[in-house]
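When you read off a place in the sequence shown, starting at 1, and then add 40, the result is the number in the working numbering. To start, the structure itself, in structure tokens.
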Amino acid sequence: LAGELRFRLTASRDPASFSSGVDMTNKREVPWCIPLPAIAGNQTFASVRHILTAVDATVPQQLMDLARKHYHKFLSGNLMGTRHLHAFGQPFDIPLDRGKITFAVVGKDRVAYARLKNISSFHTGRCPGDSEPLERHFPVSGTIICCFEPSSLPEHSGKRVVVLRVLRSLEWDPIRPNPTYTGPPIPPELYPQAGQLLMTFRYRKPRVWALDVDRSGWKRSNTAAPFAILFENALEYGSLA
């Protein structure tokens with residue numbers, strides 16, 4: 041189900057140059073792609089389906105039929121804005137001043153959606169003895185390319201916890217202080233650093249941003265549960281994209 045149609049840029053028309061080419065990327069500097077469920081369910085791609093299943097036979101008809109069952113899920117998840125993931129180490133972009141990002145996590149035979157809120161922000165107020173109203177802050181602007189990893193931190197030992205590794209920032213939208221930020225001074229750790237784990241600010245201290253995919257609570261469901269698929273895929277196919 042994690043199959044995608046991509047464009048590859050090559051040095052010449054010679055098919056032999058395909059292996060040395062690179063995937064075409066979109067404005068967000070991640071590979072441009074059409075997910076397999078979109079190909080399976082959209083009549084516009086009927087000729088592509090025929091090539092994949094009958095001409096090249098790279099996709100079994102049974103798999104294409106399964107992908108078609110997930111087509112409406114992909115539509116409801118906003119195909120253009122959703123980050124489609126299937127493995128740890130798979131890069132995607134995060135605008136640091138955006139409140140919500142939707143992920144479609146694709147497994148062997150299912151697709152689960154997760155909407156994460158305020159990945160790069162923190163709030164002040166409403167702490168014990170704090171009379172200030174709750175206020176959400178986005179201290180940093182820019183867009184970063186990052187990936188999910190299974191946490192190897194000691195405090196997460198024995199748990200299925202995902203963390204975010206910062207890979208780089210976009211040249212056209214670099215990391216910088218948010219000019220509209222009016223909150224308290226922030227520690228330097230909150231500025232994303234290439235190669236480091238993404239940090240957040242909780243309980244008035246810098247902490248590693250992390251999600252426990254198995255955590256349960258009586259008040260609400262675990263929004264991180266869909267990322268359990270990444271652990272399942274790692275066991276089935278290998279750990280990294």
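Heads up, the beta-carbon is just placed ideally off N, CA and C, and yes, glycines get one too.
- Here the C-alpha atom of Glu44 lies approximately 42 Å from the C-alpha atom of Arg244.
- DSSP places Phe188 in no alpha helix (DSSP H) but in the uninterrupted beta strand (DSSP E) bounded by Thr183 to Pro190.
- Under the 8 Å Cβ criterion, the stretch 204-211 counts as touching the stretch 230-242, having at least three qualifying pairs.
- In this structure Phe128 is in contact with Cys187, their Cβ atoms being roughly 7 Å apart against a cut-off of 8 Å.
- Phe241 is the residue among Gln130, Ala265 and Phe241 whose C-alpha sits nearest the C-alpha of His177.
- Of all C-beta pairs linking the stretch 206-221 to the stretch 179-198, three or more are shorter than 8 Å, placing the two stretches in contact.
- Burial state of Asn273 is buried, judged by a 10 Å Cβ sphere holding 16 or more other Cβ atoms.
- By the Cβ criterion, the stretch 84-100 is not in contact with the stretch 131-140, since fewer than three pairs of Cβ atoms, one from each stretch, lie closer than 8 Å.
- In the three-state scheme derived from DSSP, where H, G and I count as helix and E and B as strand, Pro228 is classed as helix.
- Gly61 is classed as exposed because its beta carbon has fewer than 16 other beta carbons within 10 Å across all chains shown.
- Here the stretch 66-80 makes contact with the stretch 102-111; the two share three or more CB pairs at distances below 8 Å.
- Around the CB of Ile91, fewer than 16 other CB atoms lie within 10 Å, so the residue is classed as exposed.
- When rounded, the separation of the alpha-carbon atoms in Ser161 and Arg138 is 9 Å.
- Excluding five sequence positions before and after Ala152, the CB atoms of its chain that fall closer than 7 Å to its own CB belong to Val145, Pro266 and Ile269, given in chain order.
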